Structures are given as structure tokens and as C-alpha cells.
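Residue numbers (my numbering): 2 to 374.
In C-alpha cells form, the structure reads like this:
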């Protein structure tokens with residue numbers, strides 16, 4: 002009995018030691034096994050934070066309007082019913098005006114009657130931080146962008162189903178990316194819900210031919226350029242914006258190096274590219290470097306940003322012929338450059354002369370003979 006008891010004690014002691022070893026080793030092994038995933042998650046988070054980094058306050062003052070800065074940086078509030086997006090219904094994505102991070106989808110936007118843009122949910126969980134707000138003698142929940150830490154507005158529990166949420170957001174804190182521009186501006190991963198909703202995507206092809214091309218044309222202030230271009234038979238769509246520079250997410254306040262340009266989508270079966278160029282060279286002076294009328298600076302340079310090799314060849318040949326036969330009396334300085342990123346201009350610049358018929362423009366059509374051929 003003593004011998005059995007002694008062996009039993011030894012076995013019990015051995016098992017206790019083994020258990021202690023397992024307790025010590027197992028967490029380390031689990032930690033090592035999870036290390037690659039944790040490292041990957043940390044790397045992804047770091048890349049996201051870098052991609053959507055908010056500029057410094059001094060830079061923001063140069064990039065944003067005074068109202069945008071007051072809202073985003075100082076948690077101000079814009080007037081209801083007198084802001085850009087309270088009654089805006091175009092399909093697309095709303096991003097942080099300061100950092101560019103995606104925040105809300107037009108699919109989740111609804112009319113709350115408050116005079117501010119309202120959404121039932123964020124475009125993905127966790128990209129909007131919610132914080133207690135006791136300012137102005139009220140108890141509310143503030144909404145701020147996760148990476149840029151921009152003040153967006155407030156969140157309430159009185160929205161429609163199924164979320165019952167109402168994200169009441171300042172237009173000044175948002176930049177709108179139209180559905181047709183989402184992929185080009187790096188937001189392609191958010192297109193799936195629009196596909197499921199059956200919304201038309203792509204480059205607005207002609208309903209009759211199914212064909213379209215696009216080119217970016219720069220020739221001074223985009224207000225006057227767009228007003229003429231949109232009326233040309235065969236033009237399907239025009240959009241004012243900035244291109245040709247290196248500043249990302251260009252805006253009117255911050256587009257150094259970019260030209261004011263118009264993105265032109267056209268039906269090549271109805272409007273040949275060379276014919277479009279004839280219109281282009283008649284609506285501006287292609288001999289003045291970085292200037293059109295009273296507008297001076299590299300933003301107002303003459304340039305053709307081509308999308309295909311055929312467009313490049315046609316533009317270069319046209320420029321040579323214009324230099325030989327044109328009636329300008331000075332060298333043609335128009336640049337022929339491969340198209341790069343195009344940043345849509347703010348809503349107030351889109352179809353400006355449609356909204357303000359008496360607004361400023363320095364563009365007009367010269368007589369056809371000025372081309373010389």
C-alpha cells in the first residue's frame with residue numbers, strides 16, 4: 002500500500018509539473034501563431050492612417066474655405082438649408098473633406114427635414130467615431146472621422162429603420178465623389194452596393210452606339226470652357242476639375258501645378274476627336290502661355306490630356322497644322338500630355354454659367370477661318 006501510494010504521489014507531482022509547463026508554453030505558442038496576423042493588421046492600419054492623414058491646421062487653412070475650416074477644425078455648424086448637400090441626390094460617395102477617408106454613401110442618405118445631409122449608417126462600421134458632447138447646454142453624441150479626426154456633426158437615435166440612426170452631418174465637412182468617379186479616385190472597393198442597387202456605372206456611354214471616349218481639355222477658366230463644350234453635338238458629359246499636377250485631392254484652394262480643365266465624354270460616332278479639337282482651338286487663345294484673358298497662372302495653361310495613342314497622334318498632328326496654317330500670328334503653346342488623375346471641382350464650379358448666366362467668362366468662339374484649314 003505504501004509503494005502504490007508513493008508512486009501515486011510521484012505521478013501526481015509529475016502531472017502538476019507538466020501542466021505548469023503547458024500553461025507557460027501554450028500562451029507563447031499561441032502568441033507566436035497570432036503574430037503574423039497581428040503584424041498584418043498593424044501594417045494595414047498604418048497604411049490606412051497614412052492614406053487618410055489629416056493635414057496640419059496651417060495647411061488646412063490654405064486648402065479649405067473659412068467655413069469648412071471652422072466646421073472641421075473648430076467643431077462649428079453651418080446654416081441649415083444653405084449648404085451644398087442637404088438636398089443633393091446624385092449617386093456616389095461622401096468623403097472627409099480634409100483627409101479623403103470614405104464616410105457615407107448616397108444609398109443611405111435620406112431627407113430628415115432638418116436642412117442638413119442625413120444618413121442612416123456609415124459606409125462601413127467603425128469609420129466614424131462617436132464621442133459625448135455636452136456643449137451648448139445639451140447632451141449629444143458627436144460624430145468625428147476615424148483617421149482625420151474631423152468634426153462631422155452629430156448622431157441621433159431618431160432615424161428610419163432598420164438602424165434607427167440619424168447621422169446629421171455638415172456639408173462643409175464632406176467632399177462628394179460621383180459614382181462614375183469612384184474607381185478613378187481610389188474608392189472602387191465601395192462600388193458593390195451600387196452594383197446591387199442596379200445603378201448605371203461607367204463613363205455614360207451613348208445609348209445609341211454604346212461607344213464613348215473621354216479627354217481632358219484645359220484652356221483657361223473651366224467655367225467658360227464647360228459652357229461651350231457641353232453644347233457641342235456628340236458631347237455626352239462634361240465635368241469641371243483639376244488635372245496635370247501632383248497635389249492629391251486637388252481643390253480650388255489647393256491645386257498647385259494643376260490646370261483647370263474639363264473632362265469631356267463624347268460619342269466618337271457622332272463627334273470625331275479632330276472635330277472636337279477644332280471647337281477647342283476656337284474657344285481659347287492657344288498662343289498665350291499660362292494665361293487666358295484676365296486669368297494668369299499655370300492653372301490657365303492650354304493643354305490636351307489624351308487618353309489613347311490615337312488621341313495623342315491626332316492632337317500632335319493638329320497642333321503642327323495649326324502652327325503652319327493658323328491665323329494666330331504667334332506660336333502655339335498648347336501642351337499635349339498623357340492624362341493622369343482628374344479631381345472633380347467643387348459643386349459650385351460645375352455648370353457655373355448655367356447656374357449664373359451673367360457670371361464671368363473670357364471664352365468665346367472665334368470664326369472657323371482662324372484655324373487656317
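Just so you know, even glycine gets a beta-carbon here, dropped at the ideal spot from N, CA and C. This structure is a prediction, so every number in the text was calculated from the model and none was measured.
query	result
Which class does residue 58 belong to by DSSP, given the choice of helix, strand or coil?	helix
To the nearest angstrom, report how far apart residue 365 and residue 160 are at their CA atoms.	50 Å
To the nearest angstrom, how far is it from the Cα of residue 372 to the Cα of residue 258?	29 Å
Using three-state DSSP, classify residue 312 as helix, strand or coil.	helix
For residue 129, write down the residues that DSSP places opposite it in a beta bridge.	146
Based on the DSSP secondary-structure assignment, which residues constitute the bridge partners of residue 119?	111, 169
Would you decide whether residue 135 is buried or exposed? Buried here means 16 or more other CB atoms lie within 10 Å of its CB.	exposed
Please determine, among 260, 349, 184, 353, the residue with the shortest C-alpha to C-alpha distance to residue 245.	260
Spatial neighbours of residue 375 within its chain, please: CB distance less than 8 Å, with the 5 preceding and 5 following residues excluded, ordered by chain position.	Because the chain in this structure spans residues 2 to 374, residue 375 falls outside the shown range and cannot be described.
I need the straight-line Cα distance from residue 221 to residue 282, nearest angstrom please.	12 Å
Looking at C-alpha atoms only, which residue of 338, 262, 318, 128 is the closest neighbour of residue 240?	262
Counting only the same chain and skipping the five closest in sequence on each side, list residues whose C-beta sits under 8 Å from that of residue 126.	none
In the structure shown, what three-state DSSP assignment does residue 53 receive?	coil
Under DSSP, the beta strand (DSSP E) around residue 305 begins and ends at which residues?	303-307
Going by DSSP in three states, residue 342 sits in which element: helix, strand or coil?	coil
According to the neighbour-count rule (16 or more other Cβ atoms, all chains shown, within 10 Å of its Cβ), is residue 47 buried or exposed?	Confidence is the limiting factor: at residue 47 the pLDDT is only 40, short of 50, which leaves the residue's position unreliable, though a coordinate-based value still follows. The residue in question, residue 47, is exposed, as its Cβ has fewer than 16 Cβ neighbours within 10 Å.
Counting only the same chain and skipping the five closest in sequence on each side, list residues whose C-beta sits under 8 Å from that of residue 91.	107, 177, 179, 180
Excluding the 5 residues flanking residue 360 on each side, which residues of the same chain have their C-beta closer than 7 Å to its C-beta?	224, 353, 354
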